[in-house]
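Residue numbers (the UniProt record's numbering): 241 to 607. For reference, the structure discussed in these notes is given below.
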Amino acid sequence: AANEKGNHAHFMQKEIFEQPIVVAQTLQSYLRPLEEQVALPDMAFDLAGFDRISIVACGTSSYVAMIGKYWIEQFARVPVEVDVASEFRYRDPVLTENQLALFISQSGETADTLAALKHCKRAGVKTAGIINVPTSSMAREVDLLLSTHAGPEIGVASTKAFTCQLAVMAAFATNLARAKGKLSPEEEREIVRHLSEAPEAMNAALGHDEDIAGMAGTIAEARDVLYLGRGIDYPMALEGALKLKEISYIHAEGYASGEMKHGPIALIDDAVPLIVIAPSGPLFEKTVSNMQEAQARGAKVVLISDAEGIGRAGQGTIATIEMPKVHPLIAPLVYAIPVQLLAYHVAVAKGTDVDQPRNLAKSVTVE
Ligand code: G6P
Numbered sequence: 241a242a243n244e245k246g247n248h249a250h251f252m253q254k255e256i257f258e259q260p261i262v263v264a265q266t267l268q269s270y271l272r273p274l275e276e277q278v279a280l281p282d283m284a285f286d287l288a289g290f291d292r293i294s295i296v297a298c299g300t301s302s303y304v305a306m307i308g309k310y311w312i313e314q315f316a317r318v319p320v321e322v323d324v325a326s327e328f329r330y331r332d333p334v335l336t337e338n339q340l341a342l343f344i345s346q347s348g349e350t351a352d353t354l355a356a357l358k359h360c361k362r363a364g365v366k367t368a369g370i371i372n373v374p375t376s377s378m379a380r381e382v383d384l385l386l387s388t389h390a391g392p393e394i395g396v397a398s399t400k401a402f403t404c405q406l407a408v409m410a411a412f413a414t415n416l417a418r419a420k421g422k423l424s425p426e427e428e429r430e431i432v433r434h435l436s437e438a439p440e441a442m443n444a445a446l447g448h449d450e451d452i453a454g455m456a457g458t459i460a461e462a463r464d465v466l467y468l469g470r471g472i473d474y475p476m477a478l479e480g481a482l483k484l485k486e487i488s489y490i491h492a493e494g495y496a497s498g499e500m501k502h503g504p505i506a507l508i509d510d511a512v513p514l515i516v517i518a519p520s521g522p523l524f525e526k527t528v529s530n531m532q533e534a535q536a537r538g539a540k541v542v543l544i545s546d547a548e549g550i551g552r553a554g555q556g557t558i559a560t561i562e563m564p565k566v567h568p569l570i571a572p573l574v575y576a577i578p579v580q581l582l583a584y585h586v587a588v589a590k591g592t593d594v595d596q597p598r599n600l601a602k603s604v605t606v607e
């Protein structure tokens, strides 16, 4: 049952390991494998009518928003703006009729996100929500509910809700791209195929649990940790840093790899581990050259990549974590797992309260 840990030491660990199953469940309601299409629930408006998308969320959900921006702009060529919910209303955003406002929330109750949703509704903007709790306030308010089927998430630090949100975001981006006439049936078929492969690849990623536990002791000694990524791996770097600081209380920052030289490289020495998230692909060489600049300054690097990437750039690192080779579309779903496991095992090594970290709440219902 969702409220029992079974043979896991913590809810967070149980929820990390549930991800292949709950992502498969979530995908089931958005993929039509026979038609080789992606499907959204029936809606009272036509997605083709939107020329702008705003995505609003907090915390881990806001990194799904950032990844969604990359996907939506790439596939559907519709411009996307992303806001953390606590900033959205206060910048007096330009709201227009041709805009869809998309809210992402595990709980559906986060006060800032709910307030931003109500603000958009008052202005007559159409709203959609990627939400895990179907009975929540946000689920009741949105015009279009895109449910995640992660089941109850008990650990305060979000894990399985994050990957289920990514699965729904990929389905949404694909649907919008088709509505906008930017996707051929062949391209859509490919996307459906790649998404269907995600749960198995996530299982393979979970197979590295023990290696990751083995390197956690080294990271647990650090005072600061940097995470680097480029493209959709940049929000993953932000998520990695957030997970680590939430549950292990180690100061961590995520950076776009190319920004290293504009500041964070000044922090680098052999006491600051650098976690590099870099699947092989078009952005790989650039990320690796940023990584090597840091290595030349003594950085202890943990490289998370596939066999090809590790073969090309694994030398001189303190550790590598080998992910299966996957299509860039599903890479965030797969790379989320080592990032979560690393934070988890570092927190266990430090002896913190993994499921109930100090000062944090599962659902923040005050603005
Ligand atoms: C809290 C939780 C985070 C979560 C954030 C947003 O800070 O500790 O894990 O990402 O709220 O929550 P939501 O329910 O809106 O996704």
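Beta carbons are placed, not taken as given, at the ideal position from N, Cα and C, and that holds for glycine. Owing to the predicted nature of the structure, the values given are computational and were not obtained by experimental measurement.
Check whether the Cβ atoms of Val566 and Val542 lie closer than 8 Å to each other. no
Gly299 Cβ short of 7 Å to the ligand G6P heavy atom set: yes
With distances taken between CB atoms, is the gap from Ile452 to Pro578 smaller than 8 Å? yes
Taking 8 Å as the threshold (C-beta atoms), are Lys361 and Glu337 in contact? no
Should the segment 539-554 be regarded as contacting the segment 283-290, the criterion being three or more beta carbon pairs within less than 8 Å? no
Between the segment 471-478 and the segment 491-500, do three or more beta carbon pairs fall short of 8 Å? yes
With a CB to CB cut of under 6 Å and the five nearest residues on each side skipped, what residues in its chain are close to Gly556? Gln535
When every heavy atom of the ligand G6P is checked, does at least one fall within less than 7 Å of the C-beta of Val604? yes
Terminal residues of the alpha helix (DSSP H) in which Ala583 lies: Ala571 to Lys590
Buried versus exposed call for Asn599 [16 or more other C-beta atoms within 10 Å across all chains shown]: exposed
Val396 CB to nearest heavy atom of the ligand G6P below 7 Å: yes
For Arg418, count the other beta carbons within 10 Å of its own beta carbon; 16 or more makes it buried, fewer makes it exposed. Which is it? buried
Near Val322, what residues of its chain come up, given a Cβ to Cβ distance below 6 Å and the 5 sequence neighbours on each side ignored? Ile295, Ala305, Met306 and Lys309
Given the structure, does Leu386 come close to the ligand G6P, in the sense that its CB is under 7 Å from one of the ligand's heavy atoms? no
Can you list, in chain order, the residues of its chain whose CB lies under 6 Å from that of Asn372, leaving out five sequence neighbours each side? Gln346, Thr388, Ala390 and Ala401
By how many angstroms is the C-alpha of Arg537 removed from the C-alpha of Pro281? 52 Å
May I ask whether a heavy atom of the ligand G6P can be found less than 7 Å away from the beta carbon of residue 609? Residue 609 lies beyond the range of the chain shown here (241 to 607); nothing can be said about it.
Pro504 to Asp449, Cα distance in whole Å? 29 Å
If we count Cβ pairs, one from each stretch, closer than 8 Å, do we get three or more for the segment 581-598 versus the segment 396-415? yes
Return the chain-ordered ranges of every beta strand (DSSP E) run that is complete within the UniProt domain "SIS" (283-422) and spans a minimum of 3 residues. 292-297, 320-324, 339-345, 366-371 and 384-387
With the cut-off set at 8 Å, would you say Leu446 and Pro572 are in Cβ contact? no
Pairwise C-alpha distance: Ala411 and Glu430: 13 Å
Would the beta-carbon of Ile487 fall within 8 Å of that of Thr592? yes
Distance cut-off 7 Å: Ala601 Cβ against heavy atoms of the ligand G6P: yes
Does DSSP put Thr266 in a helix, in a strand, or in coil? helix
Work out the CA separation of Val512 and Gln268 for me, nearest whole Å. 42 Å
Suppose you measure from the CA of Pro319 to the CA of Ile312; what does that come to, to the nearest Å? 8 Å
Under three-state DSSP, which class holds Thr458? helix
Taking the alpha helix (DSSP H) that Gly480 falls in, what are its first and last residues? Asp473 to Ser488
Taking all protein chains shown into account, decide if Thr605 is buried (16 or more other Cβ within 10 angstroms of its Cβ) or exposed. exposed
Using three-state DSSP, classify Val465 as helix, strand or coil. strand
DSSP-derived helix/strand/coil call for His502: helix
I need the boundaries of the beta strand (DSSP E) containing Gly246, first residue and last residue. Careful: Gly246 lies outside any beta strand (DSSP E) and carries neither H nor E.
Mind checking Ala583: buried by the 16 CB within 10 Å criterion, or exposed? buried
CA-to-CA distance, Tyr575 to Lys358, given in whole angstroms: 34 Å
Which runs of the alpha helix (DSSP H) spanning at least 4 residues fall entirely within the segment 514-560, listed in chain order? 524-535 and 547-553
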